[in-house]
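>
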Amino acid sequence: MTGEELFKSLAESFAEKIQRKTEFRGETTYTIATNDLREIATFCRDELAFDYLLDITSIDNFGEEPRFEIVYALYSMPHAIHLRFKLHVSEDVGVVDTVSDIWPTANWHEREIYDMMGIKFNGHPNLRRILMWDGYPFFPLRKDFPLQGLPSEMPDVAFTKITPLEGGPFVTVPSTATSKDREPRARAPEL
Amino acid sequence: MPETHSTAYDSKVEGNVIFTRFDAALNWVRKNSLWPMPMGLACCAIELMATAASRFDIARFGAEVMRFSPRQCDVMIVAGTVTYKMALAVKRIYEQMPEPKWVIAMGACASTGGMYRSYAVLQGIDQLLPVDVYISGCPPRPEALLAGLMKLQEKISRERALKRQKPELVERLEEALT
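Just so you know, the sequences run in chain order H and W.
Under our numbering, the first residue of the first sequence carries the number 1, and numbering increases by one thereafter.
Under our numbering, the first residue of the second sequence carries the number 1001, and numbering increases by one thereafter.
(1) Any C-beta of chain W sitting closer than 7 Å to the C-beta of leucine 165 of chain H?
(2) Just how far apart, CA to CA, sit leucine 1129 of chain W and isoleucine 70 of chain H?
(3) Of all the CB atoms in chain W, is at least one closer than 7 Å to the CB of tryptophan 133 of chain H?
(4) Tell me which residues of the region 150–163 of chain H have at least one Cβ-Cβ distance to chain W shorter than 8 Å, keeping chain order.
(5) Note down, in chain order, each residue of its chain lying with its Cβ closer than 6 Å to the Cβ of lysine 161 of chain H, except the 5 sequence neighbours on either side.
(6) Cβ atoms of alanine 1079 of chain W and leucine 1048 of chain W: under 7 Å apart, would you say?
(7) What does proline 184 of chain H touch in chain W if you count any residue whose Cβ is under 7 Å from its own?
(8) Please tell me whether lysine 17 of chain H and aspartate 36 of chain H are closer than 7 Å, where the distance is taken between their beta carbons.
(9) Return no unless some Cβ of chain W is closer than 7 Å to the Cβ of proline 104 of chain H.
(10) Any contact of the region 18–38 of chain H with the region 81–90 of chain H, i.e. 3+ C-beta pairs under 8 Å?
(11) Note down, in chain order, every chain W residue with its Cβ under 9 Å from the Cβ of glutamine 148 of chain H.
(12) Excluding five sequence neighbours on each side, which residues of the same chain lie with their C-beta closer than 7 Å to the C-beta of aspartate 1132 of chain W?
(13) The beta strand (DSSP E) with aspartate 60 of chain H in it runs from where to where?
(14) Nearest CA to the CA of asparagine 126 of chain H: which residue from H:Phe139, H:Phe145 and H:Thr105?
(15) Cβ of proline 137 of chain H less than 7 Å from any chain W Cβ?
(16) Can you give me the start and stop residues for the alpha helix (DSSP H) that isoleucine 130 of chain H sits inside?
(17) Can you list the residues of chain H that glutamine 1123 of chain W reaches, using a CB-CB cut of under 9 Å?
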């Protein structure tokens, strides 16, 4: 089956559940609701042979409502076709169903999303932090978390401090001068 | 009747006896058999392995004995990025090393946090441990690590080991001699 046929059968089965379909240079993205995630995911894996979950990632649109987006990148090995799903999750809800029983690789990806963004997953077998330590009080990849970090202390486990950024994050001054002038050692923050 | 002479040393071993200061001998022994505790955390560990391999032989300096038990080690080579998650574990291993012990911070990440100015990376292992030698590089070439090891050897040779470790004994000796 070619890509169009796959997507056509997907669109036919879930016509009312697909909120938006975008296509860009051969990449197809469907926006769906969080309630329909498991149904559509199971259909994609079983009927359409999207057997490889490439990635799950999350986006923080700080200031917009709903705040978070979760993006699923699927690939079908028999047909060599890519597909992308997006969900919107608002901050008050903050919970999505897990797909780790559909694609086992989702286990760690969802743990990373929980660790970095704070979105919880219903039915996840082991939802705990994966990069930071259990008990770390912040979610580092949110837009309101500063790049240099926030101080925290868990005695005997770990501690964090604020990193000196010297006016960064990008200390270079755009210009055509030599690299000695373009990249000062420190830069006063612009007020 | 045979005559007896008192000599400073037995003529049979003449030429094979060296007089030296205790400090010098102790420091020579310590600096030429530094057993590293390889705290290889990231990419610098690969260069540490390369230094221990045959081309850049760290065994020339007596430091090929990389025991992973801190109880048997003299110098901890912190090679790699120290994240906050790992920081207290590194400190715990350092505390398990018996005296005398030294620390080499190998690479940019161990010295100052390197290119990782972020929320998760400790900005230099010297925030937790006393570092003796910093080696810059990302990663430092094996020759640079050997140069840092030689600098540590120079530092050890300058130590007043006996005075530091047995101060009361040194005081009594000085009193007895004056």
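For each residue, glycine too, the CB sits at the ideal point set by N, CA and C.
Every value quoted in this text rests on a predicted model; they were computed, and no experiment measured them.
Based on what the coordinates show:
(1) yes
(2) 41 Å
(3) yes
(4) Leu150, Asp156, Val157, Ala158, Phe159, Thr160, Lys161 and Thr163
(5) Pro151
(6) yes
(7) Residues of chain W passing the Cβ test: none, with the nearest at roughly 15 Å.
(8) yes
(9) no
(10) yes
(11) Arg1117, Ser1118 and Tyr1119
(12) Trp1102, Val1103, Ile1104, Leu1152 and Lys1155
(13) 52–60
(14) H:Thr105
(15) no
(16) No alpha helix (DSSP H) contains isoleucine 130 of chain H, which DSSP labels as neither H nor E.
(17) Lys161, Thr163 and Pro164
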